[in-house]
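Only one structure is covered here, and it is reproduced in the block below.
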Amino acid sequence: MNDRIIDEERQIIAPETLSTEYVNADSCAFHKSDKGFLAAEINGEKYDRVVLLRALPLTFPDEYICITDVERKELGIIEKISDFSPEQQELINDELSKRYFSPVITEIKSVKEKFGNFYFDVMLGDIKRNFTVKDLTKNIRYHGEGFDLIDVDGNRYRIIDYNGIPAKSRRKLEPYLY
Amino acid sequence: MRTSVSFDIDPGGNICSGSLIAENGVISAVCGSETFFTSSLDGIEEIVIRTYVGCGTVELVPRLSPDDKSDSLEICRFSMACVEQVGEFCKVVNHYIETGEETEVSTAGFRVCPKCGRHYAKGMNTCLFCVEKSYLAKKLYSIAKPHMGALLFAGFFVILASVCSSLVPVLNARIVDNYLYNEAMTPDARIKGVIITACALAGVQILSKIFDMISKRRANKVSGDLSNDLRVMVYDKIQRLSASSISQKTSGDLMKRVTRDTEKVKNFITEQGMYALEKLLMFVVILVILLRISPLLTFIVLAPIPFVTFAIYKFWSTVKVRYQRQWRCESRESSILHDIVKGIRVVKTFGSEDREIAKFSAASKKLADVCVSNEHMWAVAFPLLGFFMGIGEFFVLYFGGRMVINSTISIGELLEFNLFLAYIYQPLRWMSSLPQRLGDLSASLVKIFEIIDEKDDVEDAASPKPAKLDGDIVISSLSFGYKAYEPVLHDINLTVKQGEMIGLVGHSGAGKSTLINLIMRLYDADSGSITIGGTDIRDMEQQKFREQIGVVFQENFLFTGSVYDNIAYARPEAQPSEIVAAAKAANAHEFIMALPDGYNTIVGEDGHNLSGGERQRISIARAVLRNPAILILDEATSALDPETEEQIQQALARLVKGRTTFAIAHRLSTLRNANRLVVIEKGRIAETGSHRELIESGGIYSRLVNTQLETSKLTNDETAPVA
């Protein structure tokens, strides 16, 4: 009986407190300002420069996108990028790619562990890059089928699909993964 | 003058090799042969960096730019690998904009190895990728050096003990050859010879044990001293590290370095270092003896050893990786356990015991699997390696037996050879396990020297002046950022009269606490200065300087110990009467007297036996006892009920009297005693004046007061009893 009352209360509380108002293609439109920044009109209000931030960059990179001003004051949230027109999506993705930079690792040439630091030599497409990761367990962020490695400077290097990289590369990294 | 640094992301978002150039008042960004940005610095207010995830941008902000910075000009993008250089570049350009003076980009803070181009890990001044093996040997020697005499003394007795025990096979061979199988002697003479040799055997055994005892006693003494020295050395350095350096490390990590890593280094020096000489000497001496008995048999014994040693060396690299994995699994399991134990109340209130059990079980199962796999490998590989290393013994039996039958060597010599074989395998096994021991040692040594070699961010001047904190505090053109490329405070100018109370007001993150940190000299300003009585605080002796500053934070740490000890922490030599007086002034005396053991009450770990208000009053008593020239109150009365707050306010009013005081408070009513209020907004001083002046000006302060009044009215309305 008590359980039923609590459940009913939950249902009453839920719609008010656990729902978020999103902006959508009808209430929000983006364009490029003459200075090259992303600008927007949200609920009739014009903003000459906005910033887009992912709320869940690892688990839902294309959903729950916060629109803020340069001081990070929130102006609205997009639920799904796919709800917008292709042109608008292009503007959104272009802005996000400026805020989140994670070059994709296509091959791992070598991983050397020295004194607790991990020295990576990798290929980012046809570009060779080396970077250092201190304490691998603390600087790896898993997402979907892959993960991001965070180096000592704060750069992120992405493996989109761990099983998609060459087996030889996997063998080099495998012993160091948890 | 031309100044340039590198950047690495082109306008299309691709990795490139670009140059950011400032020359004759013009900024340009060049990628390959293409110059994709050029702008004059005329009409520009500043050049700024905006950092995002894994990258950042450099922008020019024109004068009178709107708040949304929509008329800024984006120059280029860069990955975080370039952030330090670009940050330094911006400093140089901003200096040029402000003063017209041209300076060069300082490369002092760049953490790049000149040899391999890799970036150093945070807090390190050495590239661990390029570091030579001698680096560790030198570090190890520097630790062992003060104890070298004692170590050599112990090592000498270890050698004597080994020499004695290596005489055992020789004497055994003599018994066999000279007396047991010597038909030329009479039975009585042979028995006499056996007795004499047996006595000699007992003598060398006794001597060996005595020498062993002496060396062990000495080694234990060295071990204790070394362990103590190492721990104190690391602990001492941790105490002296700057606030910024400490904030980059976890307490668990620092504790591990003081306890576990120092213990590992000590163990290596006392267990391996002392025996190294003995093992090497033993190997050479026994090799000579074996060669003298039979070069052929010696060759047979030693032939498989290079192959086995190579196999062991390779095997260790696999073992190392496997054990590191096991270490990570153990670490993961213990961190889950730590989390659950600490947060057990949350787990219980959310009824998520099953979920947490499943999480821990999964981590525990993984650890068990890794352990089993490692142990399986170990169980198979180790006996195999041992067998192959000793395989020469079987051949020695065959070839040695033939040599005895052919009378090439005597039975005694074969027996002596076999007994010495056991001795030669000992140093060989020790040497083969050395790479693993060195690997283990190097990890700990590096962690220790990461701390010991760390350069102080806040250093005393070469000849510091005595710290006298009487006089006005003058803050001039002060700018600072925790990261060089992200300024938190800009151009702060403020003069505070001696004895004046300044209330620092502003939104969270405005820079109030940062300003306090700079006044306490927990950090040094990037530019500008703070002087007290005309002397720059950077020229004052740090310890004496801080001895004259009292601080009361929102959350005050109490050490495990009594109430008395915690108050006396400010001045250990204080008399009990002074402690009681300080407690009275802090309105703490009354509640302390209600405790069963009064001032001798143990406060428990982090003062958990006391309430927040009680802990706060003890910390105020601590500040009263210190009698500081400058007092810092950082949110000292927040999170307290109105009655307790009133008591603490009274105590603080007594404390601030006649002292230069800086007080931060979000609840503006608590700053009612301040002589002047300074409003900080986005790292700059936005308003200064008395409460009345600032209210009348209708600026930020006035809006903050109104917001608080409205909130408090709202709260009162909500909590008012319904008529």
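From first to last, the protein sequence lines are chains A and B.
In this text, residue positions in the first sequence follow my numbering: the first is 1, and each later residue adds one.
In this text, residue positions in the second sequence follow my numbering: the first is 1001, and each later residue adds one.
All residues carry an ideal CB built from backbone N, CA and C; glycine is no exception.
With DSSP as the reference, label N1673(B) as helix, strand or coil. coil
State whether the segment 1209-1216 of chain B contacts the segment 1151-1163 of chain B, with contact taken as three or more CB pairs (one from each stretch) at a distance under 8 Å. yes
How far does the alpha helix (DSSP H) with E1643(B) in it extend, from its first residue to its last? Per DSSP, the unbroken alpha helix (DSSP H) holding E1643(B) starts and ends at P1642 to V1656.
Among T59(A), E95(A) and E63(A), which residue has its Cα nearest to the Cα of D83(A)? It is E63(A) whose Cα lies nearest to the Cα of D83(A).
Could you give the C-beta distance for V1656(B) and N1673(B), rounded to a whole number, given that I count them as a contact under 8 Å? 7 Å
Determine which residues of the segment 143-159 of chain A have a Cβ less than 9 Å from any Cβ of chain B, and write them out in chain order. D148, I150, D151, V152, D153, G154, N155, R156 and Y157
Write down the C-beta distance between L1421(B) and V1301(B) rounded to the nearest angstrom, noting that I regard them as a contact closer than 8 Å. 6 Å
So is V1053(B) in contact with chain A if we call contact Cβ pairs under 8 Å? yes
Mind listing, in chain order, the continuous alpha helix (DSSP H) runs of no fewer than 4 residues lying wholly within the segment 1212-1286 of chain B? 1243-1247, 1251-1256 and 1262-1267
Is H1743(B) close to chain A, meaning its C-beta is less than 8 Å from at least one C-beta of that chain? Within the shown structure, residues of chain B are numbered from 1001 to 1723, placing residue 1743(B) beyond reach of any answer.
Three-state secondary structure (DSSP) at G1412(B)? helix
Per DSSP, what kind of secondary structure is F1307(B) in: helix, strand or coil? helix
Chain B contact residues for N93(A), given Cβ-Cβ distances below 7 Å: Under the 7 Å cutoff, chain B gives no residues; its nearest Cβ is about 11 Å from N93(A).
Near L1494(B), what residues of its chain come up, given a Cβ to Cβ distance below 6 Å and the 5 sequence neighbours on each side ignored? I1475
For L1445(B) and V1232(B), believed in contact at Cβ under 8 Å, the rounded distance: No, V1232(B) and L1445(B) are not in contact; Cβ-Cβ is about 17 Å, not under 8 Å.
Kindly say whether S33(A), judged by its beta-carbon, lies nearer than 8 Å to any beta-carbon of chain B. yes
Is M1593(B) helix, strand or coil when you go by DSSP? helix
Once DSSP output is grouped into helix, strand and coil, what is the label at P1295(B)? helix
At 4 residues or longer, what runs of the alpha helix (DSSP H) sit wholly inside the segment 1473-1514 of chain B? none
Against chain A, with Cβ distances strictly below 8 Å, would H1119(B) count as a contact? yes
I'd like to know if the segment 1572-1584 of chain B and the segment 1614-1625 of chain B are in contact, where contact means that at least 3 CB-CB pairs between them fall below 8 Å. yes
The segment 1031-1043 of chain B in contact with the segment 160-169 of chain A per 3-pair CB rule at 8 Å: The segment 1031-1043 of chain B vs the segment 160-169 of chain A: no contact.
Which residues, in chain order, does the segment 114-147 of chain A contribute to contact with chain B at a C-beta distance below 7 Å? Going along the segment 114-147 of chain A in chain order, one finds K114, F115, G116, N117, Y119, L124, I127, N130, T132, K134 and T137 with a Cβ nearer than 7 Å to chain B.
Is the Cβ of E1547(B) closer than 8 Å to any Cβ of chain A? No, E1547(B) lies away from the interface with chain A (no Cβ there is under 8 Å from its Cβ).
Kindly say whether D3(A), judged by its beta-carbon, lies nearer than 8 Å to any beta-carbon of chain B. Reliability fails at D3(A), whose pLDDT of 48 lies under 50, so the model's placement of it is uncertain and no value is given.
May I ask you to report which of helix, strand or coil DSSP gives F1036(B)? strand
Between G1613(B), V1204(B), A1161(B) and F1037(B), which has its C-alpha nearest V1168(B)'s C-alpha? The candidate whose alpha carbon is nearest that of V1168(B) is V1204(B).
With a threshold of 7 Å on Cβ separation, who are the neighbours of A1653(B) within its own chain once the five nearest residues in sequence on each side are excluded? N1673
Does the CB of F101(A) have a neighbour CB from chain B at under 8 Å? Closer than 8 Å: yes.
Just to confirm my understanding: we take K1447(B), look at its own chain, exclude 5 residues before and 5 after, and list those with CB closer than 8 Å. What are they? K1256, R1257 and D1261
Report yes if the CB atom of S1251(B) is closer than 8 Å to the CB atom of D1457(B), and no otherwise. no
By a C-beta neighbour count over all protein chains shown, 10 Å radius and 16 as the cutoff for buried, is E45(A) buried or exposed? With fewer than 16 other beta carbons inside 10 angstroms of its own, E45(A) counts as exposed.
7 Å Cβ shell around I1340(B) - same chain, five flanking residues per side excluded: V1347, E1356 and F1360
Helix, strand or coil at I5(A) according to DSSP, with G and I counted as helix: Here the model assigns I5(A) a pLDDT of 48, short of 50, so the residue's position is not dependable, and the following value carries that caveat. In this structure, I5(A) counts as helix in the three-state DSSP scheme.
Residues from the segment 61-93 of chain A in contact with chain B, defined by Cβ distance under 7 Å: Within the segment 61-93 of chain A, the residues whose Cβ lies closer than 7 Å to any Cβ of chain B are, in chain order, D69 and V70.
Indicate whether L1671(B) and Y1701(B) have their beta-carbon atoms separated by less than 8 Å. no
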